[in-house]
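Below: one structure, written as structure tokens.
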Amino acid sequence: MAKNYFDPVDLQVNFPELEKEILAKWDKKKVVKKYLNRNSHAKKYFSFLDGPITANNPMGVHHAWGRTYKDLWQRFKNMQGFRERFQNGFDCQGLWVEVEVEKELGFRNKKDIEAFGVDKFVQLCKDRVKKYSNIQTEQSKRLGYFMDWENSYYTLSDDNNYMIWHFLKVCNDYGWIYKGQDSVAWCPRCETAISQHEILTEDYKELSHESVFLAFPVTGQNEEYLLVWTTTPWTVPANVAVAVNPDLDYSQVEADGKKYWVAKESKDRVFAGTKVKEIKLTKGSKLVGLRYKGAFDAIPAVVEASKNDKFHTVVATDDLILPINTDEGTGMVHVATSAGAEDFKLGKKFDLPVIKIVEDDASYMKNLGFLSGQNAKKHPEVILDFLKKLDDEGKHFFFKIERYTHRYPACWRCKTELIWKVADEWYISMDKPAKILNSRNKPEMSIEDWSKEENQAKSVPDTRTLRERMKDVASRINWIPGFGLDREMDWLTNMHDWLISKKNRYWGLALPIWECKKCHLFEIIGSKEELKERAVAGWGEFEGKSPHKPQIDGIKIKCRNCGAAIERIEPVGNPWLDAGVVSFSTISSDNKSAGFIPSKEKPLYLKDREEWLKWFPADFITESFPGQFKNWFYSLIAMSTVLEDVNPYKTVLGFGTLLAEDGRPMHKSWGNSIEFNEGADKIGADVMRWIFARANPAENMLFGYKVADEVRRRFHLKLWNVYNFFVTYANLDKWTPGIYRKPGRTSNVLDEWILTRLNQMVN
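Position one of the sequence shown corresponds to residue 1 (UniProt numbering), numbered consecutively onward.
Structural data, given as structure tokens:
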């Protein structure tokens with residue numbers, strides 16, 4: 001009996017196992033390689049730029065959503081005959097890797113890292129990146145994602161790090177790099193600043209804290225108090241002023257023989273259940289200038305601050321800095337210039353003193369008397385207990401405590417509650433007019449010199465700020481969905497200067513800033529070659545190594561101003577510098593980007609601009625919307641604006657957040673998260689890809705096994721049954737495939753329709 005041409009169809013098919021068989025067959029027949037090289041000599045280009053996945057843990061199913069879109073777009077363009085690069089990227093540096101390595105080693109803080117050895121710690125970070133980039137590569141292959149996996153780019157590479165040096169040097173040529181003091185968000189566990197870019201909406205948690213109402217005695221008055229409210233009692237020792245709204249009405253009320261100033265509209269809420277008598281009413285402006293006493297006036301740091309004539313005075317707020325209303329609190333705001341961003345700005349406006357109160361780990365500083373050494377966040381009771389103790393002694397500062405539930409930010413990596421503290425950090429200015437540069441990027445030209453430049457003689461000097469330039473560049477991009485442009489513009493309009501430094505961290509970009517401790521001049525080195533030329537010590541030990549801590553820290557250069565041998569600053573860089581520069585550091589026609597091996601050649605951008613421009617700007621990028629407006633989308637725009645004043649991508653597709661079937665975010669602790677391997681083994685990659693491909697990217701997605709079962713039932717099983725129907729009757733009729741003949745005209749309407757749809761799809 002003759003064997004049928006088609007094998008019988010198993011109606012109890014195991015789709016995940018079938019996928020593995022197909023992947024093995026593709027590998028054996030080198031299908032992926034043929035696919036990648038299909039249009040290698042094509043004259044038309046489609047440039048896709050991959051947003052690097054963090055090589056830190058195995059993939060979750062949420063990663064598969066974005067990778068499905070990336071594969072889908074590139075396959076479509078491949079079918080249309082475009083030449084493509086198919087380069088995957090891995091994000092390698094920063095806190096996300098450091099914190100996981102610390103967990104593995106059982107470390108609690110930076111002191112443990114330094115005792116262990118920075119060099120060994122950095123090597124473990126590299127090893128972790130290598131391990132998980134390999135794991136993610138295999139998982140991506142399991143997804144059916146076709147990329148040039150042998151030539152992925154890594155943001156830890158020399159090419160990437162030195163290109164950021166080049167970017168920062170150009171920023172400095174424009175006059176935009178500066179060292180500044182500010183009250184910054186700070187993680188006391190990681191002991192480093194958390195930039196505005198890193199605090200995402202999902203990092204805010206609904207938390208309940210003890211808020212305290214304080215009674216500050218008015219100087220020179222008997223039993224008269226300013227009633228102040230704060231949700232951060234640990235900051236009370238840093239109090240230097242009380243802010244009022246000059247246009248609000250404030251009541252002086254009497255309760256239990258004491259007189260309190262409080263906003264009129266807040267009075268009934270604050271004194272609920274207490275019998276009070278209103279004595280007088282006045283505008284907030286009439287309270288400005290009043291002086292008062294604080295509960296911590298005897299501790300050394302506060303005594304020192306009291307020498308400032310603005311110390312412990314009532315000031316009129318600036319609504320653009322610190323708006324005051326009566327929806328909560330008392331209408332009188334505790335101002336701690338060292339412990340709040342708005343407080344610090346208000347303090348600068350009124351020249352208020354700054355009382356630094358906490359170390360990097362949130363423990364109170366040495367000059368804080370009995371508080372010294374105690375941790376402000378771990379032991380908030382020390383403040384409340386002291387206030388109550390004073391009250392028992394007849395010194396009235398404590399009014400009442402209330403539990404207060406509010407949204408409060410946590411560290412995006414370790415989830416520790418943030419604090420605010422004053423720190424010296426490095427920034428890129430968003431609003432400083434640019435210095436005029438000539439065609440060779442020489443800064444500080446005079447208008448007369450500038451006008452002599454042949455290539456600029458007929459144009460106007462461009463002194464626009466970085467913010468202005470970036471908004472112009474962002475407006476040239478096609479945003480899908482359309483609201484993406486509005487969100488990016490909102491971020492660009494309201495963001496502060498870009499905080500680019502991270503103190504007390506080790507695995508990351510070595511900021512190329514050498515600062516003179518004698519004359520305080522700083523210089524930015526723009527390349528490895530420049531560093532070698534300028535080095536007066538340490539180059540021999542460093543040569544041949546990657547530009548990372550600790551080896552980079554041994555190099556000294558000569559100060560151009562005073563001649564002293566100067567060292568690199570201690571901090572590493574903001575990790576979004578790493579991913580933002582990839583348009584310039586990774587694009588090449590053959591994907592031969594440097595990875596773990598030190599690079600011997602310059603990136604294509606610096607050695608063959610004409611070839612680089614075939615791929616730049618990228619035609620298309622896609623990433624999940626949440627966070628990326630202030631992170632990758634932003635950093636790409638920032639770096640392309642500075643280096644080329646061109647949009648780095650033509651079209652961006654953003655998509656929502658992957659949620660669990662119960663509508664909540666996926667978290668291991670909640671038991672509703674799904675790792676990629678688990679999902680692929682249970683439901684198969686094809687089901688996942690179909691779920692993602694048919695979704696509306698503008699909306700969040702509910703994902704889980706019930707959703708997958710329904711999709712499989714409605715699509716994949718139907719398709720399998722259609723195939724079974726075909727095989728059954730093809731075998732019964734002994735039909736075998738022969739030479740393809742284009743179908744002729746048919747009188748069957750359904751045949752006409754399906755052939756029309758087929759031709760539309762092919763075309």
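Every residue, glycine too, gets a C-beta built ideally from N, C-alpha and C.
- Three or more Cβ pairs drawn from the region 350-363 and the region 373-390 lie within less than 8 Å of each other, which places the two stretches in contact.
- One alpha carbon belongs to Thr54, the other to Cys92, and they sit about 6 Å apart.
- The C-beta distance from Val727 to Glu661 rounds to 35 Å, too long to meet the 8 Å contact threshold.
- With respect to the 7 Å criterion, Leu499 and Glu567 are not classified as neighbours on the basis of their beta carbons.
- Of all C-beta pairs linking the region 470-484 to the region 59-69, fewer than three are shorter than 8 Å, placing the two stretches out of contact.
- Distance from Gly595 to Ser157 at the Cβ level is roughly 6 Å; contact confirmed, criterion being Cβ atoms closer than 8 Å.
- Its Cα nearest to that of Ile135, the residue Asn677 stands out among Glu468, Asn677, Val31 and Asn308.
- The closest CA to that of Glu98, considering only Leu758, Asp733 and Lys502, is found on Lys502.
- A distance of 7 Å or more separates the beta carbons of His209 and Thr192.
- Note that the C-beta distance between Pro433 and Thr463 is below 7 Å.
- For Met332, there is no enclosing alpha helix (DSSP H); the enclosing beta strand (DSSP E) covers residues Met332 to Val335.
- Where Trp420 is concerned, the enclosing beta strand (DSSP E) starts and stops at Ile419 to Ile428.
- Sequence-distant Cβ neighbours of Ala685 in its own chain, meaning closer than 7 Å and more than five residues away, are Glu19, Arg142, Leu143 and Gly144.
- Looking at the DSSP output, Glu206 shares a beta bridge with Arg407.
- Bounds of the beta strand (DSSP E) holding Cys187 are Ile177 to Cys187.
- Taking one beta carbon from each stretch, the region 73-87 and the region 37-53 have 3 or more pairs nearer than 8 Å; the two touch.
- Per the DSSP secondary-structure output, Tyr260 pairs in a beta bridge with Tyr225 and Val253.
- In this model, Ala362 and Pro617 are separated by some 45 Å (Cα to Cα).
- Here the C-alpha atom of Asp173 lies approximately 11 Å from the C-alpha atom of Gly526.
- For the set Leu577, Ile597 and Lys517, the Cα lying nearest the Cα of Cys562 is the one of Lys517.
- When C-alpha distances from Pro598 are compared across Ser133, Asn161 and Val9, the shortest belongs to Asn161.
- From the listed residues Phe725, Gly294 and Ile555, the smallest Cα separation to Ala510 is found for Ile555.
- Going by C-alpha positions, Glu138 is about 49 Å away from Leu521.
- Per DSSP, the continuous beta strand (DSSP E) segment holding Arg568 begins and ends at Ala565 to Arg568.
- Look at the region 263-313 and you find these whole runs of alpha helix (DSSP H), each 4 residues long or longer: 267-270 and 300-305.
- Linking Glu644 to Thr155 through their CA atoms gives a straight-line distance of about 21 Å.
- In the three-state scheme derived from DSSP, where H, G and I count as helix and E and B as strand, Leu387 is classed as helix.
- Distances from the alpha-carbon of Arg128 to those of Ser593, Glu611, Trp26 and Trp507 put Trp507 closest.
- Under the three-state reduction of DSSP output, Glu661 falls in the coil class, being neither helix nor strand.
- Counting every other CB atom within 10 Å of its CB across the protein chains shown gives Arg108 a total below 16, marking it as exposed.
- Taking each of Val687, Met701, Phe725 and Glu699 in turn and checking the Cα distance to Arg713, the smallest one comes out for Val687.
- Look at Thr493 here: in three-state DSSP terms it is helix.
- Secondary structure note for Tyr605: its alpha helix (DSSP H) is the uninterrupted segment Leu604 to Lys607.
- Apart from the 5 residues on each side of it in sequence, Tyr69 sits with its Cβ closer than 6 Å to the Cβ of Thr622 in its chain, given in chain order.
- DSSP places Ile557 inside the beta strand (DSSP E), whose first and last residues are Lys556 to Lys558.
- Here the region 363-370 makes contact with the region 298-305; the two share three or more CB pairs at distances below 8 Å.
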